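S.K.: Sharing a structure below in structure tokens format, with a few things to ask.
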Amino acid sequence: MGKRWQRYLDGNPEYLARHYWWAYLAPFGVWFFSHHTIINLILFGQYRRILDALTARLASADCGRMLQLTCAYGELTPTLAQFTGELHLNDVALIQLRVAQQSLARRQRTALMARMNAESLSYTTNSFDSVVIFFLLHELPAEARQHALGETLRVLKPGGRLIIVEYAMNRGGHLLHLAPWRWVLERLEPFLHDFWHSDLSAQLSGCATQHDKVLAHIGTTFLFGAFYRVEEYRA
Ligand SMILES: C[S@@+](CC[C@H](N)C(=O)[O-])C[C@H]1O[C@@H](n2cnc3c(N)ncnc32)[C@H](O)[C@@H]1O
73 MGKRWQRYLD
83 GNPEYLARHY
93 WWAYLAPFGV
103 WFFSHHTIIN
113 LILFGQYRRI
123 LDALTARLAS
133 ADCGRMLQLT
143 CAYGELTPTL
153 AQFTGELHLN
163 DVALIQLRVA
173 QQSLARRQRT
183 ALMARMNAES
193 LSYTTNSFDS
203 VVIFFLLHEL
213 PAEARQHALG
223 ETLRVLKPGG
233 RLIIVEYAMN
243 RGGHLLHLAP
253 WRWVLERLEP
263 FLHDFWHSDL
273 SAQLSGCATQ
283 HDKVLAHIGT
293 TFLFGAFYRV
303 EEYRA
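Residues in the sequence shown are numbered consecutively from 73, following my numbering.
Set out below in structure tokens:
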């Protein structure tokens, strides 16, 4: 008899089925986490502030043709749709795309959706004016993260904007960086430790170079005592 998570493989990456089936793939989990209160709780009550910081950056320049790299619960997708006439959304999990579709339809918004692994996108090179990544990177094993960032830099047009919403680096300065919170978070998020201690800007610059691009860091908005951040870059 197979393990419970194996029934969720179904074209999904192994790490996603193994570690996150309960959050992103199982119907009950998807229903549960789709509630605003739950998502806000997971983000320690910071959901609105995070979204506001993101939209403040989006509003500062034209977003053009935009890619949201993978689905996210809550208001993100309908919010992004307000900033562009052409929003593209990919995810490897069909159930997530269905939920995003329903969420957009309720607000009379649309997006062009495709089932696609972030590690190997089918979009053509230099096809987006802006790419938004919302709390995806810390959920990816290091190798998958490297591939997803490489693909992001490939599909981002020269002059395009990349906005990343994520945990800030862990320098041990926040209460939640200390035990027992750290243990709880790292248990729930098996790749968070690695992400917390990795240099995202350096990794992105390396990916940009591979695609003959140079990435300028425009700015960072720190939130919740520098536990979260919104990073903006321009290719
Ligand atoms: C954006 S992340 C985290 C979002 C955040 N926890 C939230 O909902 O607010 C979660 C999404 O990434 C998707 N995902 C994870 N790995 C992926 C990959 N390699 N390619 C495409 N989608 C992926 C999952 O299916 C899920 O829909």
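Where a beta carbon is used, it is the ideal one built from N, C-alpha and C, also for glycine.
Predicted model only: the values in this text are computed from it and were never measured.
1. So, helix, strand or coil for A214, using DSSP?
2. Quick check on this structure: which residue in L276, G232, F299, Y300 has the alpha carbon closest to the alpha carbon of A133?
3. Starting from N112, trace the alpha helix (DSSP H) both ways and give me its first and last residue.
4. If contacts are defined as beta-carbon pairs under 8 Å, then M185 and L169 qualify, I think. What distance do you get, rounded to the angstrom?
5. Of the choices Q173, R187, G157, whose alpha-carbon is the least far from that of D82?
6. Per DSSP, what kind of secondary structure is M207 in: helix, strand or coil?
7. Could you give the C-beta distance for A183 and T127, rounded to a whole number, given that I count them as a contact under 8 Å?
8. Nearest CA to the CA of S270: which residue from A251, D201, Y239, L225?
9. Since L234 and A307 should fall inside the 8 Å C-beta cutoff, what is the C-beta to C-beta distance between them, to a whole number of angstroms?
10. Decide yes or no for the touch test of the region 85-104 against the region 209-223: beta carbon pairs closer than 8 Å, at least 3 of them.
11. Keeping to the same chain, check which residues put their C-beta closer than 8 Å to that of R120; ignore five residues upstream and five downstream.
M.R.: Walking through what the data contain:
1. helix
2. G232
3. Where N112 is concerned, the enclosing alpha helix (DSSP H) stretches over 108-114.
4. 5 Å
5. R187
6. The amino acid occupying residue 207 in the given sequence is Phe; Met does not appear at that position. Taken through DSSP and simplified to helix, strand or coil, F207 comes out as coil.
7. That belief does not hold up - the Cβ atoms of A183 and T127 are roughly 17 Å apart, past 8 Å.
8. Y239
9. 7 Å
10. yes
11. Within the same chain, R120 has close Cβ partners N112.
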